[in-house]
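Report on the structure given below.
Chains as they are written, first to last, in our numbering: chain A, 1 to 192; chain B, 1 to 192; chain C, 1 to 192; chain D, 1 to 192.
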């Protein structure tokens with residue numbers, strides 16, 4: 001398997017980014033019940049990074065090798081993954097004091113950034129390093145699935161200008177939508 | 001081995017969560033002897049995550065593959081693992097000032113959450129992706145072992161309402177009980 | 001493959017160092033737009049560590065085994081990688097208040113340190129544990145590529161004494177230069 | 001190779017612990033030159049964890065399998081590894097204000113703890129899960145090498161009661177001694 005080390009490195013970055021989400025919780029020192037927005041932000045972002053990990057693995061399975069452009073695009077993608085805990089923490093902290101507009105816009109822009117580089121990685125990989133035995137149905141299924149990401153996060157970002165709380169709810173709904181659709185409507189057995 | 005990458009990712013998350021436990025210690029800047037509750041919380045939680053890692057690996061060994069529901073359940077389990085350093089830090093900090101009730105309840109709820117998703121992962125995996133050559137004795141042994149987790153953490157949570165200190169001692173006893181029973185009464189050689 | 005575990009460990013350290021870059025962002029609690037130097041420092045350092053990871057992997061592919069001197073040199077190299085988030089955070093924080101001279105010098109010295117140990121690792125490995133079937137063209141290509149690193153970071157360090165802002169721009173240009181030249185002028189397919 | 005996953009998990013913990021050393025540096029926000037004890041503590045502890053990683057790998061290579069007692073002993077060892085950044089940070093911070101006695105004693109006790117569990121892991125593994133084809137010379141060499149650790153750290157701890165600065169220098173010397181003796185007097189080629 002040729003992309004082993006790239007996957008291991010990417011998995012390491014995913015695993016650390018998903019775990020860093022709890023660090024902003026570690027700053028909370030007072031009564032627990034007051035902090036439900038932080039917990040909600042933690043849970044939804046965990047779900048989001050987890051789903052992106054599943055998709056990343058599904059995508060990597062279609063490739064035989066990686067060239068340097070592919071490595072670079074994957075690196076740019078990982079930069080967005082690593083960034084997620086930052087706007088997440090800001091939204092959790094400021095959602096109740098009315099100061100979450102910037103955070104909610106930043107979260108949406110991170111989502112847009114991630115959909116751009118997920119698409120770029122997939123389209124570059126599909127045309128340059130696709131496995132000869134890749135299933136055309138899986139390939140066209142992945143291509144179709146990348147149509148939704150950017151419009152969704154763009155909508156969330158636009159909502160954030162009007163109502164940060166509304167956009168936070170919208171981002172949560174995106175996370176649940178992806179988790180549910182990946183879990184129950186992506187039917188194939190996957191070797192992970 | 002089909003579940004390699006899932007195990008590697010899960011191991012990464014376990015490894016990071018177990019290491020993050022020391023981060024709350026890194027905030028301690030004064031006399032060392034005063035902080036024994038933080039050290040105790042660190043040690044017992046380290047033991048707890050370590051034992052869960054051993055069990056997770058034992059469980060994964062019984063499966064041939066992972067489907068998307070399995071991935072989702074594993075993700076939900078990992079969310080609980082990553083969360084452990086948070087109530088641990090809170091208990092360590094507040095146990096002496098009488099403000100640990102919320103923390104002790106949160107720790108217990110994390111334990112209940114983890115027993116639910118360990119059971120769910122096992123029962124789903126056993127009925128959907130069990131290895132054809134899995135040893136029926138090992139399978140029924142694992143099924144039996146999951147009977148205890150939830151009642152124990154539920155008891156700890158209920159104790160926490162009355163006496164947070166008592167529940168902290170109870171959680172420590174659970175950690176030692178699992179470490180000892182896993183180490184000395186789970187006799188088989190394991191290939192890890 | 002004999003160097004598997006060394007690569008896995010090194011990858012872990014790279015993955016964590018690259019993710020730690022976001023931790024200094026997690027301290028930011030106020031208006032987002034004010035913090036663009038921190039974001040720029042994050043992005044350029046992410047790119048830098050990412051490119052070093054690609055180069056490290058390319059270098060490791062040429063070796064058959066590792067002896068203890070090789071392990072030690074690799075360890076010294078990783079110490080520099082892990083250090084990067086520290087001067088990065090300092091530059092991001094102090095670039096606007098005129099207090100970034102020390103940080104910019106520290107960043108340059110880290111770069112010099114890294115070029116010394118990248119060269120040392122390569123020259124030791126090439127003469128002691130080179131794969132018998134290593135491509136002489138690749139070997140001499142790598143040797144040539146290590147000529148530039150030290151003079152570049154030395155120049156940046158010297159600029160830092162005069163103008164910290166200038167050296168920060170220079171370091172950013174180095175990061176972009178390496179990312180572009182690695183991506184578009186290192187043409188071979190790589191198995192990662 | 002039967003111990004793959006145990007090694008991967010242990011490597012993850014080593015990698016994270018070694019990288020966490022830089023976190024205490026991330027709190028430093030003022031003039032760089034004042035903080036040389038923190039930098040020295042970082043460098044020596046990095047070396048220490050790095051050498052322990054090399055030894056851990058060397059030790060694991062001698063074993064065919066892991067049973068549950070072995071897993072438990074390895075877990076106890078990792079707890080000590082993860083703890084290292086904590087006394088390291090304390091020594092770095094307090095060495096100049098005369099408040100480092102507790103920190104220097106804590107560092108020494110961590111060293112004693114680590115030598116106990118390195119020895120326990122080795123002696124248990126040697127008598128229970130040794131590879132049938134393990135080289136008797138390597139085995140007796142490892143046994144001999146574990147004689148020194150505990151007396152050295154015990155000496156450092158005793159020195160700490162009299163002069164914390166002296167013990168910090170002594171710990172640094174231990175780190176350099178192990179790095180040098182491992183690098184230049186452990187002559188065999190190792191497949192890592």
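No residue lacks a Cβ here, since even glycine has one placed at the ideal position from N, Cα and C.
Quiz item: At a Cβ threshold of 8 Å, is residue 192/B touching chain A?
Solution: Within the second chain, residue 192/B is the residue found at index 192, counting from 1. Here residue 192/B scores only 45 on pLDDT, less than 50, and its place in the model should not be relied on; the value that follows carries that caveat. Residue 192/B does not count as touching chain A.
Practice problem: Tell me whether residue 1/C is buried or exposed, calling it buried when 16 or more other Cβ atoms sit within 10 Å of its Cβ. | Solution: For the purposes of this step, residue 1/C is identified with residue 1 of the third chain, where counting begins at 1. Because the pLDDT at residue 1/C is just 43, under 50, the model does not fix this residue reliably, and the value given afterwards should be weighed accordingly. Classification of residue 1/C: exposed, given that the 10 Å Cβ count is below 16.
Practice problem: Report, in whole angstroms, the separation of the C-beta atoms of residue 112/C and residue 157/C, which I expect to be a contact under 8 Å. | Solution: The residue labelled residue 112/C in the question sits at position 112 within the third chain. The residue labelled residue 157/C in the question sits at position 157 within the third chain. Cβ-Cβ separation between residue 112/C and residue 157/C: approximately 7 Å, consistent with a contact (criterion under 8 Å).
Practice problem: Taking C-beta pairs closer than 7 Å, name the residues in chain A that residue 263/C reaches, listed in chain order. | Solution: Summary: the structure shown does not reach residue 263/C, with chain C confined to residues 1 through 192, and so no result is reported for it.
Practice problem: For chain D, find out if any of its Cβ atoms is closer than 8 Å to the Cβ of residue 183/B; answer yes or no. | Solution: As a first step, residue 183/B is located in the second chain; it is residue number 183 there, counting from the start. Yes, its Cβ sits closer than 8 Å to a Cβ of chain D.
Exercise. Please classify residue 72/D: does DSSP put it in a helix, a strand, or coil?
Key: In the fourth chain, counting from the first residue as 1, residue 72/D sits at position 72. In the structure shown, residue 72/D sits in a helix (DSSP, three-state: H, G or I).
Self-check item: residue 88/A beta carbon less than 8 Å from that of residue 45/A
Solution: The residue labelled residue 45/A in the question sits at position 45 within the first chain. The residue labelled residue 88/A in the question sits at position 88 within the first chain. Yes, these two residues count as a Cβ contact at 8 Å.
Self-check item: Under 8 Å from the C-beta of residue 63/B: neighbouring residues of chain A
Solution: The residue labelled residue 63/B in the question sits at position 63 within the second chain. What residue 63/B touches in chain A: nothing, since even the nearest Cβ is about 11 Å away.
Quiz item: Which one of 137/A, 162/A, 73/A, 154/A has the shortest CA to CA distance from residue 128/A?
Solution: Reading the first chain from its first residue, position 128 is the one you call residue 128/A. Measuring from the Cα of residue 128/A, the nearest candidate turns out to be 73/A.
Self-check item: CB-CB length for residue 66/A against residue 108/A, believed under 8 Å
Solution: Walking along the first chain from the start, residue 66/A turns up at place 66. Walking along the first chain from the start, residue 108/A turns up at place 108. Contact check for residue 66/A and residue 108/A: beta-carbon distance about 30 Å, past the 8 Å limit, so the pair fails to qualify.
Quiz item: Residues of chain B with a CB under 8 Å from the CB of residue 22/D: which are they?
Solution: Along the fourth chain, read from residue 1 onward, the residue named residue 22/D stands at position 22. What residue 22/D touches in chain B: nothing, since even the nearest Cβ is about 11 Å away.
Quiz item: Rounded C-beta distance between residue 24/B and residue 7/B? I'm assuming under 8 Å.
Solution: Locating residue 24/B in the second chain gives position 24, counting from the first residue. Locating residue 7/B in the second chain gives position 7, counting from the first residue. Under the criterion of beta carbons closer than 8 Å, residue 24/B and residue 7/B do not qualify as touching, at roughly 28 Å.
Practice problem: For the alpha helix (DSSP H) holding residue 103/B, just list the boundary residues, first then last. | Solution: Taking the first residue of the second chain as 1, we reach residue 103/B at position 103. Per DSSP, residue 103/B belongs to the alpha helix (DSSP H) from 101-128.
Self-check item: Cross-chain neighbours of residue 85/C in chain D, by beta carbon under 8 Å
Solution: For the purposes of this step, residue 85/C is taken as the residue at position 85 of the third chain. Here the neighbours are 22, 26.
Self-check item: Through-space distance from residue 165/C to residue 34/C, alpha-carbon basis
Solution: Numbered from its first residue, the third chain carries residue 34/C at position 34. Numbered from its first residue, the third chain carries residue 165/C at position 165. Each residue's alpha carbon lies about 17 Å from the other.
Self-check item: Sub-8 Å separation of residue 32/C and residue 102/A beta-carbons
Solution: Your numbering for residue 32/C matches position 32 in the third chain. Your numbering for residue 102/A matches position 102 in the first chain. Against a cut-off of 8 Å, the Cβ pair of residue 102/A and residue 32/C comes out as a contact.
Practice problem: Alpha carbon to alpha carbon, how far is residue 104/A from residue 53/C? Give it in angstroms, no decimals. | Solution: By 1-based counting over the third chain, the position of residue 53/C is 53. By 1-based counting over the first chain, the position of residue 104/A is 104. Computed Cα separation, rounded: 32 Å.
Quiz item: If the cut is a Cβ gap below 7 Å, which residues of chain D does residue 15/B touch?
Solution: On the second chain, position 15 is the one that residue 15/B refers to. Neighbours of residue 15/B on chain D, chain order: 9, 12, 13, 16.
Quiz item: How many angstroms separate the CA atom of residue 9/A from the CA atom of residue 133/B?
Solution: Indexing the first chain from 1 puts residue 9/A at position 9. Indexing the second chain from 1 puts residue 133/B at position 133. Roughly 32 Å separates the two Cα atoms.
Quiz item: According to the Cβ coordinates, are residue 146/B and residue 184/B closer than 8 Å?
Solution: In the second chain, counting from the first residue as 1, residue 146/B sits at position 146. In the second chain, counting from the first residue as 1, residue 184/B sits at position 184. No, the pair does not count as a contact, with Cβ atoms beyond the cut-off.
Quiz item: Name the DSSP bridge partner or partners of residue 14/C?
Solution: Indexing the third chain from 1 puts residue 14/C at position 14. As computed with DSSP, residue 14/C is found in no beta bridge at all.
Practice problem: Could you pull out every residue in the same chain whose Cβ sits closer than 8 Å to the Cβ of residue 69/A, ignoring the five residues on either side in sequence? | Solution: Taking the first residue of the first chain as 1, we reach residue 69/A at position 69. Cβ neighbours of residue 69/A beyond the five flanking positions: 124, 128.
Quiz prompt | Below-8 Å beta-carbon distance, residue 36/C vs any chain A residue | solution = Taking the third chain and counting its residues from 1, the one referred to as residue 36/C is at position 36. No - not a single Cβ of chain A is within 8 Å of the one on residue 36/C.
Quiz item: By a C-beta neighbour count over all protein chains shown, 10 Å radius and 16 as the cutoff for buried, is residue 140/A buried or exposed?
Solution: Here residue 140/A is taken as the residue at index 140 of the first chain, counted from 1. When all chains shown are included, residue 140/A counts as exposed.
Exercise. Would you please verify whether the beta carbon of residue 129/A is less than 8 Å from any beta carbon of chain B?
Key: Here residue 129/A refers to the residue found at position 129 when the first chain is read from its first residue. No, because no Cβ of chain B sits closer than 8 Å to the Cβ of residue 129/A.
Quiz item: Terminal residues of the continuous alpha helix (DSSP H) containing residue 149/B?
Solution: Along the second chain, one-based indexing puts residue 149/B at 149. Per DSSP, residue 149/B belongs to the alpha helix (DSSP H) from 149-162.
Quiz item: At a Cβ threshold of 8 Å, is residue 102/D touching chain B?
Solution: Position 102 of the fourth chain, counted from the start, is the residue given in the question as residue 102/D. Residue 102/D counts as touching chain B.
Exercise. Anything in chain B within Cβ reach of residue 197/A, meaning under 9 Å, just list it in chain order.
Key: The structure shown has nothing for residue 197/A, since chain A only spans 1 to 192.
Practice problem: Quick one: measure Cβ to Cβ for residue 51/A and residue 179/A, integer angstroms, because I've assumed they're closer than 8 Å. | Solution: Here residue 51/A corresponds to residue number 51 of the first chain, with the count starting at 1. Here residue 179/A corresponds to residue number 179 of the first chain, with the count starting at 1. Confirmed, about 5 Å.
Quiz prompt | Assumed close pair residue 59/B, residue 142/B - CB separation to whole angstroms, cut-off 8 Å | solution = Within the second chain, numbered from 1, the residue matching residue 59/B stands at position 59. Within the second chain, numbered from 1, the residue matching residue 142/B stands at position 142. Confirmed, about 6 Å.
Quiz item: In three-state terms, what does DSSP make of residue 185/B?
Solution: Here residue 185/B refers to the residue found at position 185 of the second chain. Looking at residue 185/B - three-state DSSP - the assignment turns out to be coil, as it is neither helix nor strand.
Self-check item: Local Cβ density within 10 Å of residue 162/A, reported as buried at 16 or more and exposed below that
Solution: In the first chain, the residue the question calls residue 162/A occupies position 162. Result: exposed.
Exercise. Verify whether the separation of the beta carbon atoms of residue 18/B and residue 49/B is less than 8 Å.
Key: Reading the second chain from its first residue, position 18 is the one you call residue 18/B. Reading the second chain from its first residue, position 49 is the one you call residue 49/B. If you check the CB distance, residue 18/B and residue 49/B come in under 8 Å.
Exercise. Find the nearest neighbour of residue 36/D within the set 20/D, 153/D, 91/D, 76/D, judged by alpha-carbon distance.
Key: For the purposes of this step, residue 36/D is identified with residue 36 of the fourth chain, where counting begins at 1. Closest option to residue 36/D, Cα to Cα, is 91/D.
Exercise. Could you tell me whether the Cβ of residue 32/A comes closer than 8 Å to any Cβ of chain B?
Key: In the first chain, the residue the question calls residue 32/A occupies position 32. Chain B contact via Cβ: present.
Exercise. Below 8 Å on the Cβ atoms is my guess for residue 85/A versus residue 22/C; work out the distance and round it to an integer in Å.
Key: If you number the first chain from 1, residue 85/A lands on position 85. If you number the third chain from 1, residue 22/C lands on position 22. Indeed they touch by this definition, with Cβ atoms about 6 Å apart.
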